Amino acid sequence: MTIFRFALIKGLRNPATLLFNCILPLLLIFVRPLWTGGTAVSGYGLLILVIWGGSFLIAQGTLNDRESGALTRILAAPISMRSYLTQNLLAYMVPLTVQVALISALGTILYDWSLTLALGLFLCYTVFTIASVTMSFAWNCLFKHKETSFASFSAMVTFGSILSGAWIPLAQLPTVLQYAGAIFPAYWGVQGITSLIELGTMGTEYWMGIAAMALFAMAYLLYGGKRRMI
Amino acid sequence: MSVFKPETTFLICKIAGFGLLLALWLSESETAGFFLLLFLVLMSLLRWRFPRLGATTILDCVACVLLSSIWGYAQYALVLVLFEGMYRRVYLLGAIGVLFSFHFAADFFDLSLTVLLALGALCGLFLGQWERESEQKLVLRDTEAGKYYELEHLQNDLMTTLPQIERMTAVAERARIARDIHDNAGHEIVAAYISLQTARGMLDGADADALELYDAALQRLNSGVNKIRETAHNLQTVTSIGVESLLETCEKFPGCPVEFRTYGDTARIPVYVWNMLEACLNESLTNATRHARPSYVSVELDATAHLVRLCIENDGAGKAGGSMGNGLRNLRHRAIAIGGTFSVDAGEVFRVVCVIPIQEEQYESIDR
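In order, the protein sequences belong to chains A and B.
Using the working numbering, the first residue of the first sequence is number 1, and each one after it goes up by one.
Using the working numbering, the first residue of the second sequence is number 231, and each one after it goes up by one.
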């Protein structure tokens, strides 16, 4: 697990990554109006956006490795590409998953979330973390330069955050755009969480959201795994 | 080269197809439809990642057929599936498509959709055929490039061989002249000198002037004999050629002991054949050192009135593998060019056999 350890250390060494992956999610849970319905923007959707951005920042490690030539040196060692990718992706998921677990626990204490809600949120956010990390990985495989990747991803996230309902409620969008966000995993994450909060149980819509995010993750992994890294 | 390769065209068609299906889904927003689309995308990526899983298009087809009752546009997704199925040569899909269109879904199926299915299948077939032809062309181009590369090597080999043969011929000719001078002309002159010396004793009572002239002539003759001997000696070659050269190569082989045996009259072997034999021996010993690491090497040279046979064996065959490299292939070409044969046998013992016919009337041997 040497690669895992170094990927984790390298990922968290960047202040922006550290802020998005370890501090911002925890800060959000303490802003009470976001979670009690006192604001137009929901804390649940905002957390989706933070995870999305954080996962992209940390997943840039593979792109950095490629740009700096470190990947060539790593693969000169007896390490398979599969092992390299698995350990890297795992390292990118761990900080966010820990944050999600902490948020679920803190939410139960601070806002009296039921066990079903806390577990449901934990599962939904964890699956979304996997989907967003794999998405970032696949996205980074498309570009040779970090700047291009970052700029295009920012544009995509801007549209995605509006269309998926994470930033503003979907009901406020024109009818034709209300379903356009379905191409983003965030849409299904928001749908799952909304269903969970409204029903109080893990209903069909919730599981459909989880299934859709899992399918997205698999698709991104298949795409990213095929692209040439070097 | 055109940007539109078969794979690129296929990819563009697929993306355009999925875009159209997504647009159709947006008009109804049926969740089942989106999951069908997501499933189709996932399966397409799976087949893109693992091309051998082409048969999984049947799963796509089944999913489309099953969901066509829930989401009407699933029939259009079937066009995309048929397109990919035909592209990947899963012809069973064609049969399923036909069955679906004429039997199971007659209620909500129309003619335009049937035409669309047929067109999708035809486009897939066309693209698939295009891709296979491109692959064949690529293989052909690689083969041609390989042959060209081989010929280039052979040409280089021949270019270096020609000066070698020229040099060996010159050396052989010098050796023959030296031997002729020493064995024939030299002996005759020495015999004449001895006879004249003997005759000198019979001329004691002769004229003093005549004797003086006679002695001067004898002295000049003696000087001439010495010069002839010196010239013959200088003409002798320092470089070893012929069988000596082969023996020297065997003795200097560092890997393991080399047993060298000759049979028949090697003096009959022409210069150009020696050059070929040397090349064979060098290549075989180099290969043995590089790939086989044998414990013994045996070299046999058999010369008859009409042909020469060189057989080189080593026991490192298992380690070396049976494929023929560039060096051995070039030697085969060279052997064929002079009417001989060159064969390699990679059985329990790695054996190289080179047989070359001798054409005495055309070429001079080293020792003649």
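Just so it is clear, CB atoms sit at the ideal spot from N, CA and C, and this is done for glycine as well.
Treat the numbers as computed from the prediction; the structure is a model and nothing was measured.
Whole-angstrom distance between residue j and residue i, CA atom to CA atom
i, j, result
"G485/B", "G546/B", "12 angstroms"
"D445/B", "R539/B", "57 angstroms"
"L276/B", "T571/B", "52 angstroms"
"L531/B", "R73/A", "52 angstroms"
"G203/A", "S195/A", "7 angstroms"
"W35/A", "A105/A", "14 angstroms"
"I58/A", "Y92/A", "6 angstroms"
"N464/B", "A405/B", "10 angstroms"
"I130/A", "T2/A", "21 angstroms"
"P500/B", "I588/B", "7 angstroms"
"C480/B", "R282/B", "52 angstroms"
"F159/A", "F153/A", "10 angstroms"
"L75/A", "S161/A", "36 angstroms"
"R491/B", "D387/B", "28 angstroms"
"F216/A", "F128/A", "10 angstroms"
"A253/B", "T287/B", "22 angstroms"
"M213/A", "S68/A", "32 angstroms"
"W231/A", "A151/A", "Nothing can be reported for residue 231/A: it is not among the residues displayed for chain A, which extend from 1 to 230."
"K235/B", "S364/B", "9 angstroms"
"Y267/B", "G249/B", "According to the sequence provided, residue 267/B is Leu. The question's Tyr does not apply to it. Rounded to the nearest angstrom, the two C-alpha atoms are 10 angstroms apart."
"F137/A", "Y125/A", "18 angstroms"
"R533/B", "A462/B", "Looking at the sequence provided, one finds Ala at residue 533/B rather than Arg. The straight-line gap from Cα to Cα measures roughly 29 angstroms."
"C294/B", "L323/B", "12 angstroms"
Beta carbon proximity, residue i to chain A, threshold 8 angstroms
i, result
"L241/B", "no"
"R282/B", "no"
"T467/B", "no"
"V311/B", "no"
"F265/B", "yes"
"R318/B", "no"
"V271/B", "yes"
"L250/B", "no"
"L268/B", "yes"
"V292/B", "no"
"L256/B", "yes"
"R279/B", "yes"
"T261/B", "yes"
"L275/B", "yes"
DSSP-derived helix/strand/coil call for residue i
i, result
"E161/A", "For the record, residue 161/A in the displayed sequence is Ser; it is not Glu. Three-state DSSP puts S161/A in a helix."
"A166/A", "coil"
"I300/B", "coil"
"A567/B", "helix"
"P236/B", "helix"
"P185/A", "helix"
"P393/B", "helix"
"P500/B", "strand"
"S132/A", "helix"
"S80/A", "coil"
"G358/B", "helix"
"F143/A", "coil"
"T97/A", "helix"
"S342/B", "helix"
"Y125/A", "helix"
"D437/B", "coil"
"L173/A", "coil"
"R523/B", "coil"
"F483/B", "coil"
Those residues which DSSP pairs with residue i across a bridge
i, result
"S528/B", "E489/B, E543/B"
"D575/B", "R581/B"
"A533/B", "G494/B, V538/B"
"I109/A", "DSSP lists no partner for I109/A."
"P587/B", "L537/B"
Beta carbon proximity, residue i to chain B, threshold 8 angstroms
i, result
"T165/A", "Just to set this straight, residue 165/A is Gly in the shown sequence, not Thr. No, because no Cβ of chain B sits closer than 8 angstroms to the Cβ of G165/A."
"A214/A", "no"
"V176/A", "yes"
"L89/A", "no"
"L222/A", "yes"
"G192/A", "no"
"K226/A", "yes"
"A182/A", "yes"
"Y179/A", "yes"
"A219/A", "yes"
"I210/A", "no"
Closer than 7 angstroms: residue i CB and nearest the ligand ATP heavy atom
i, result
"V574/B", "The ligand ATP is absent from the structure shown, which contains no ligand whatsoever."
Can you give, in chain order, each stretch of the alpha helix (DSSP H) that sits fully within the region 6-76 of chain A and has at least 4 residues? 15-18, 24-29, 32-36, 43-68, 70-76
For the region 247-318 of chain B, which segments carrying the alpha helix (DSSP H) assignment without a break, of at least 4 residues, lie completely within its bounds, in sequence order? 261-279, 287-297, 304-317
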